[in-house]
Every structure is written in structure tokens, then in C-alpha cells.
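To start, the structure under review is shown below, and the notes come after it.
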Amino acid sequence: MIQPGQTYRSADPRGGPRIRIVRYEPGWNRAYVVDAYDSKRPRRVLARNLHASPTTKNGTPRRTGYVLEDT
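In the working numbering, the protein residues as written are 4 to 74.
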């Protein structure tokens, strides 16, 4: 479940930004996020691109979207 304060990392194997959820309500299509390290670059990300697991249903690593980091 997506909640404000959660941190996600890019699933891209080449690396990418870490983001923090600022605002999200269940049922929304998008979540408001900022960069995790400096709280800059506010933007919206599609909720379907935020994943709890780094692997897909069949076990392959995700290559797109964002993966929830352990806190």
C-alpha cells in the first residue's frame, strides 16, 4: 500500500533517482513525489509504476518503475 513518507528507488538496472511519497490517497491514479535526498523536483508519478517487490510475478527483476525500499 502506497503511503506518504515511503521511499522508492528506480528499478532501472542503470540506476536512477530515489523518490519519496509526499501525498497519495487510495484510488488516486498518481502520487505526488519529491527527490528523496533533497526534497526537490516535486512531480507526480503514476501509482501503477510504484511496486512493493523488485521482481515480477514470474520472478524476473523489474526494469521499469520504482521499487519500495526497506525502511
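Virtual Cβ for every residue (Gly too), placed ideally from N, Cα, C. Small disclaimer: the values here were computed from a predicted structure and weren't measured.
Compute the distance between the beta-carbons of residue i and residue j, then report whether it is under 8 Å.
i            : j           : result
proline 20   : serine 13   : yes
histidine 54 : tyrosine 40 : no
Spatial neighbours of residue i within its chain, please: CB distance less than 6 Å, with the 5 preceding and 5 following residues excluded, ordered by chain position.
i          : result
proline 16 : none
Return the bridge partner residues of residue i from the DSSP annotation.
i            : result
isoleucine 5 : DSSP lists no partner for isoleucine 5.
Could you spell out where the beta strand (DSSP E) holding residue i opens and where it closes?
i            : result
glycine 46   : Reading the sequence as shown, one finds arginine at residue 46 and not glycine. Arginine 46 -> beta strand (DSSP E) spans 46-49.
arginine 17  : No beta strand (DSSP E) holds arginine 17; DSSP gives it neither H nor E.
aspartate 38 : 33-38
tyrosine 69  : 69-71
If distances are taken between C-alpha atoms only, which option among the options comes closest to residue i?
i             : options                    : result
serine 42     : Glu28, Pro29, Ile24        : Ile24
asparagine 32 : Val48, Lys60, Thr10, Arg65 : Val48
Can you find the residues in the same chain that come closer than 7 Å, C-beta to C-beta, to residue i, ignoring five residues on each side of it along the sequence?
i            : result
threonine 58 : Pro64, Arg65
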